[in-house]
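Trainee: To start, I am sharing the structure in question, which I have written as structure tokens.
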Amino acid sequence: EFGQTDCLRSHKSRDKRSSPTTSGIRAIGSKALLGCQKKLLVRDQVVTLEESIGDVKERIDDVDDRLNDGLQTMQEQLREIVWDNISSSENKLAEKDDALKAMMIALKEEINELNEELKIFKATIGNGMLASKPKQQAMDVPKSKAFKGARSVSEVDNFLWAME
């Protein structure tokens with residue numbers, strides 16, 4: 020940190036040609052004074068830059084905090100969605116499982132009924148009730164017309180053809 024008096028003192032000690040009375044006057048108009056002003060200007064710029072960097076760091080920290088909060092919120096929402104989907108899937112699978120169990124019970128009952136019917140049929144066949152002679156089917160035989168005393172050969176031939 021340089022003050023204006025520091026710049027003049029350092030110039031005074033470096034300038035061996037100047038006498039104590041004229042060294043201050045020469046220093047004001049000299050290059051040393053310009054160097055001091057440049058140092059002060061640079062110092063002000065450094066301070067401004069440091070303040071800007073501090074502001075940027077604060078903004079970065081704010082953005083970082085917001086991002087972390089947003090990510091945490093999204094993670095919680097995603098976790099909730101996943102658990103809802105898992106729960107929904109479990110419920111659907113449980114319903115399908117119940118439906119399959121009901122179908123299996125119904126099929127087992129039907130199989131048991133069919134087995135009972137099969138036993139009855141086997142017993143019936145074993146007793147010979149269904150093994151009896153089948154009924155003979157009656158044949159449809161054409162009846163001849165009442166006899167009128169004479170027959171023609173064509174009538175007899177037609178009768179015989181109808182018999183076949």
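To get the working numbering, take the position in the sequence shown, counting from 1, and add 19.
In this text, a Cβ means the ideal position worked out from N, Cα and C, and glycines have one as well.
1) Along the chain, where does the alpha helix (DSSP H) that runs through A157 open and close?
2) How long is the line joining the alpha carbons of T67 and G73, rounded to whole angstroms?
3) Which first and last residues belong to the alpha helix (DSSP H) in which K57 is found?
4) How is the alpha helix (DSSP H) around S173 delimited, first residue to last?
5) From T143 to N134, what does the alpha carbon distance come to, in whole angstroms?
6) Just the Cα atoms here: how many angstroms apart are I139 and E129?
Mentor: Taking the geometry as given:
1) Segment: none, A157 is in no alpha helix (DSSP H) and carries neither H nor E.
2) 10 Å
3) 50-146
4) 172-182
5) 14 Å
6) 15 Å
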